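In short: position in the sequence shown from 1, add 1218, done, that's the working numbering.
Every residue, glycine too, gets a C-beta built ideally from N, C-alpha and C.
Small disclaimer: the values here were computed from a predicted structure and weren't measured.
Comments concern the structure below.
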Amino acid sequence: MKWDSIETFFLDMDGTLLDLAYDNYFWHKHIPKVYAKKNNISYIKSKEIFEEMYKKKQGTLDWYCLNYWSDKLKINLNSELLQTKDKIRIFPGVIDFLLQLKKRNIRIILLTNCPRDMLNVKFNETRLWGYFDNIISSEDYGFAKETNEFWNYLDKELIYNKETTVFIDDNQKVLDFAYRNGIKNIIAINFPDSGNKKQIIKNYKSIDNISLFETEIIN
Ligand SMILES: [Mg+2]
């Protein structure tokens, strides 16, 4: 790929720009801990109950939605988010990468499944405001990125050329839906969570992290 063949970047947030370690901590450790305390049950039992409920919603907007889980668990997750926000981390090299795209006059669009309230906290923490030409949360469309509806909606809302757009994401299902909906240049992230081992993504080019885009993808 050549730099001058790229007009637009669609960038995922969690696991691509921000370390997924925070989300994994928040959903799989912090929430079960708070739920255990609230219901006076063991952490193990609480985790079992929560993970069961959580799994059932995977791939839907509810899965990502703080308000949905606040209602369901009777816990104020917005307040839990604020209490844990110092654990939110941006990956090294992200700002330099975004500045380089800006310098090259490439349009930068955030495409995230993260709901707006959580996104605002994450952007405040990592000072990511100001780098994007457009920020799209799948919540705006009512469909997660791993649906055809999301991509149909995007096609109606945004003028972009599928041949000259690069999409970077860390989720196999999301990448597959992007591909099925005509995105030609798809790049996966191998290490979305700094605390986990390399993930294996099928069918697409992948890089360990976004700061390697130029060295590994551009020729
Ligand atoms: Mg992601």
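When burial is assigned at 16 or more other CB atoms within 10 Å of the CB, is residue i buried or exposed?
i	result
G1233	buried
D1358	exposed
W1347	exposed
D1373	exposed
K1203	In the structure displayed, the chain extends from 1219 to 1437; residue 1203 sits before or after that span and is not available.
S1264	buried
When you compare each of the options to residue i by their alpha carbons, which one comes out closest?
i	options	result
V1339	F1368, N1296, L1372, D1351	N1296
T1344	E1375, K1321, V1384, K1303	K1303
N1242	I1306, K1290, E1270, I1262	I1306
F1228	Y1286, I1435, I1404, R1322	I1404
K1292	D1388, E1434, N1257	N1257
If we ignore side chains and look at the alpha-carbon of each, how far apart do residue i and residue j end up?
i	j	result
F1350	F1244	26 Å
H1248	N1421	34 Å
S1356	T1330	6 Å
G1311	A1362	27 Å
K1274	Y1286	13 Å
Determine the contact status of residue i and residue j, defining contact as a CB-CB distance below 8 Å.
i	j	result
I1327	I1354	yes
What residue does the alpha helix (DSSP H) around residue i start on, and which one ends it?
i	result
L1238	Unbroken run through L1238: none, as it is neither H nor E.
D1388	Where D1388 is concerned, there is no enclosing alpha helix (DSSP H), given that its DSSP letter is neither H nor E.
Residue i lies in the beta strand (DSSP E); which residues open and close that run?
i	result
L1328	1325 to 1330
T1344	Where T1344 is concerned, there is no enclosing beta strand (DSSP E), although the alpha helix (DSSP H) it sits in stretches over 1334 to 1344.
L1453	There is simply no residue 1453 to check, as the chain begins at 1219 and stops at 1437 in what is shown.
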